[in-house]
Each structure stands twice: as C-alpha cells, then as structure tokens.
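Going by our numbering, the first residue of the sequence shown is number 1, and it counts up by one from there. For glycine and all other residues, C-beta sits at the position ideal for the given N, C-alpha and C.
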Amino acid sequence: MTVDYDKIGIRIAQRRHELKIKQNYLAEITDLSNNHISNIENGRSIPSLETLAKICEKLEVTPDYLLLGNIKTNDIPKNITDNLLLCNQESLSLISKIIEIILLEQEK
Numbered sequence: 001m002t003v004d005y006d007k008i009g010i011r012i013a014q015r016r017h018e019l020k021i022k023q024n025y026l027a028e029i030t031d032l033s034n035n036h037i038s039n040i041e042n043g044r045s046i047p048s049l050e051t052l053a054k055i056c057e058k059l060e061v062t063p064d065y066l067l068l069g070n071i072k073t074n075d076i077p078k079n080i081t082d083n084l085l086l087c088n089q090e091s092l093s094l095i096s097k098i099i100e101i102i103l104l105e106q107e108k
C-alpha cells in the first residue's frame, strides 16, 4: 500500500474548511508552525505520527479518514459509508448540512 501524502493534505484542508478553521489557528491549537501545516496540506511535508494524531484530534476525524479517505465505524451501516464515498465534494457538503439540521432538531 502506498501512502498518498497529497491526498492526506487535501483531506486536512477540506476538513479544516468544513469546520471554518483558518490554517494559522490549526497551527496554533496543534502547537505547529503555520508553514508546517501549509506544507502538509500541500503534500510537501510528511506529518509524523504525533503530528497526525494532533491534527486528527483538533479536526475531529479519525486517522483512517485522513490516511485512506475512509470513515470506519460500527455505528454507521456499510451501505451508507459506501454511498458517501461515491459523492462529490458538493454533495458531501449538502449531506453535512442536512445532518447538522437533523441534529439541531434532535436537540429541541
């Protein structure tokens, strides 16, 4: 298996944008330099295991998502995760918004 560091960086940047976190803020909360975060997101630097763990924690994602683009959980039926993998970024954004609305309704 080959690790695609460009895709890892893209997933980090996408998740950061989803959470509306600026690159410099992610750097600050992970105790990393803004340059280092930028280099990881652009595939120019390979994050250490410790760095990857910090980023995962702050972006609230699992390492398998950043490494492989997979969401692994026993709580989500496989057909749902399989279908999510077929969605483009625009569709995923819409799905995320729908889920947020559902969660807000549940809180009422």
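Quick check: is the beta carbon of residue i nearer than 8 angstroms to any beta carbon in chain D?
i	result
Glu100	You won't find chain D in this structure, because it holds only one protein chain.
Around the Cβ of residue i, are there at least 16 other Cβ atoms within 10 angstroms (buried) or fewer (exposed)?
i	result
Pro77	exposed
Leu59	buried
Cys16	Sequence check: residue 16 is Arg here, not Cys. So Arg16 counts as buried.
Leu85	exposed
Gly9	buried
Leu19	exposed
Glu41	buried
Can you tell me the Cα-Cα spacing of residue i and residue j, whole angstroms?
i	j	result
Asp64	Val3	11 angstroms
Glu107	Met1	42 angstroms
Ser45	Gln89	24 angstroms
Leu66	Leu94	20 angstroms
Leu68	Glu100	24 angstroms
Ile80	Thr51	30 angstroms
Leu49	Leu103	32 angstroms
Asp82	Ser96	16 angstroms
From which residue to which residue does the alpha helix (DSSP H) around residue i run?
i	result
Asn70	Per DSSP, Asn70 belongs to no alpha helix (DSSP H) and is neither H nor E.
Lys108	Segment: none, Lys108 is in no alpha helix (DSSP H) and carries neither H nor E.
Ile21	No alpha helix (DSSP H) holds Ile21; DSSP gives it neither H nor E.
Could you check how far apart the C-beta atoms of residue i and residue j are, in whole angstroms? I think they sit under 8 angstroms.
i	j	result
Asn39	Gln23	That belief does not hold up - the Cβ atoms of Asn39 and Gln23 are roughly 11 angstroms apart, past 8 angstroms.
Ala27	Ile37	5 angstroms
Thr30	Ile55	6 angstroms
Tell me the DSSP secondary structure of residue i in three-state form.
i	result
Gly9	helix
Asn39	helix
Asp82	helix
Arg16	helix
Cys56	helix
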